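Everything below concerns the one structure shown next.
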Amino acid sequence: MRLQLLLIGLTLSAIPLSFIDAPYPQELILQHIPTSIGLVLLAFAVIFVRPTGLSFFCVLAFVWLHLIGARWIYSFVPYDALVEQIVGISISDYFGWERNHYDRLVHFASGILGVPLASECLQRFAHMRPLGAAIMGISCVMAIGATYEILEWQIAMTFSPAQAEAYNGQQGDRWDPQKDLALAGIGSLLSAGLVFRWSPAMAR
């Protein structure tokens, strides 16, 4: 538990550090409000619920992916420049990409990393068997993803077009919500295929 709380503390400390020379500081505030709340809730869960290491590290890995994306409001994460600097090849040029796909990676990761947590919660609190919990975990991931897309839609309807684009990062793709949900679904299916026999009791 101490290690988990320490890692949460280090992750929380990364939030103010991400504002140093941030290219989009105003948008970063909006990105980090739910992140901060989520980390506080995770700390309470560690203290009172004691999640398994698998679920905890899946959640923390997703938070770090989000922290990186939020720093550059997802649309401008410089992964292409980094890879080109290391291996001398532009990923975007190689695949013919015309947009920044970091947000797609995070939505795919939400499926991969979300199912273990959902499966554990369903097994521990709804007393489901591992297979049923894994299948329902897919539904949980998709439901949360759909709710998030509805939230983004409301942001697009409420804020100015520039503010909405800065938060949602659609980059002109009218099918962005559908593609995001599809990637989350694919990730959750792959994850369920790995954890359908796993139970929290194995980690204790």
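In our numbering, the protein residues as written are 31 to 234.
Note that CB positions come from ideal geometry on N, CA and C, so glycine has one too.
No experiment lies behind these values; they were computed from the predicted model shown.
Expressed to the nearest angstrom, what Euclidean distance is found between the alpha-carbon atoms of residue i and residue j?
i	j	result
G182	A100	In the sequence as displayed, the identity of residue 182 is Glu instead of Gly. Roughly 15 angstroms between the two C-alpha positions.
A75	I121	39 angstroms
Q153	V79	13 angstroms
A139	A173	15 angstroms
I168	G141	8 angstroms
S85	L112	30 angstroms
A186	L135	22 angstroms
I38	I59	19 angstroms
L71	S43	16 angstroms
Q115	D203	28 angstroms
R159	Y124	45 angstroms
G118	G126	16 angstroms
L220	L211	14 angstroms
A73	A52	27 angstroms
L213	Q184	21 angstroms
K314	P55	This structure gives no information on residue 314, because the portion of the chain shown stretches from 31 to 234.
Out of the options, state which residue places its alpha-carbon closest to the alpha-carbon of residue i.
i	options	result
M166	F74, F138, L36, A222	A222
G215	P55, A176, V93, L37	A176
E179	P146, S169, H137	H137
R227	I59, R134, L161	L161
I77	A163, P46, L33	L33
S66	Y54, T41, F86, T82	T41
P108	F87, N130, H96, A212	N130
D206	L147, L84, S105, M158	S105
P64	K209, H96, A156	H96
Y132	D110, A212, A231	D110
V93	T82, M31, L69	L69
M232	L72, R204, T82	T82
F87	L211, V117, M31, Q184	M31
With the cut-off set at 8 angstroms, would you say residue i and residue j are in Cβ contact?
i	j	result
I103	E57	yes
V145	S218	yes
I45	H62	yes
A91	L143	yes
V171	A148	yes
E128	P230	no
V225	A164	yes
Hey, could you find the ends of the alpha helix (DSSP H) residue i is sitting in?
i	result
M187	160 to 188
P146	132 to 155
T65	55 to 78
S122	121 to 125
S32	Here residue 32 is Arg; the residue named in the question, Ser, does not match the sequence. Element bounds for R32: 32 to 47.
Determine whether the Cβ of residue i lies closer than 8 angstroms to any Cβ atom of chain D.
i	result
I121	The displayed structure is made up of one protein chain only, and chain D is not part of it.
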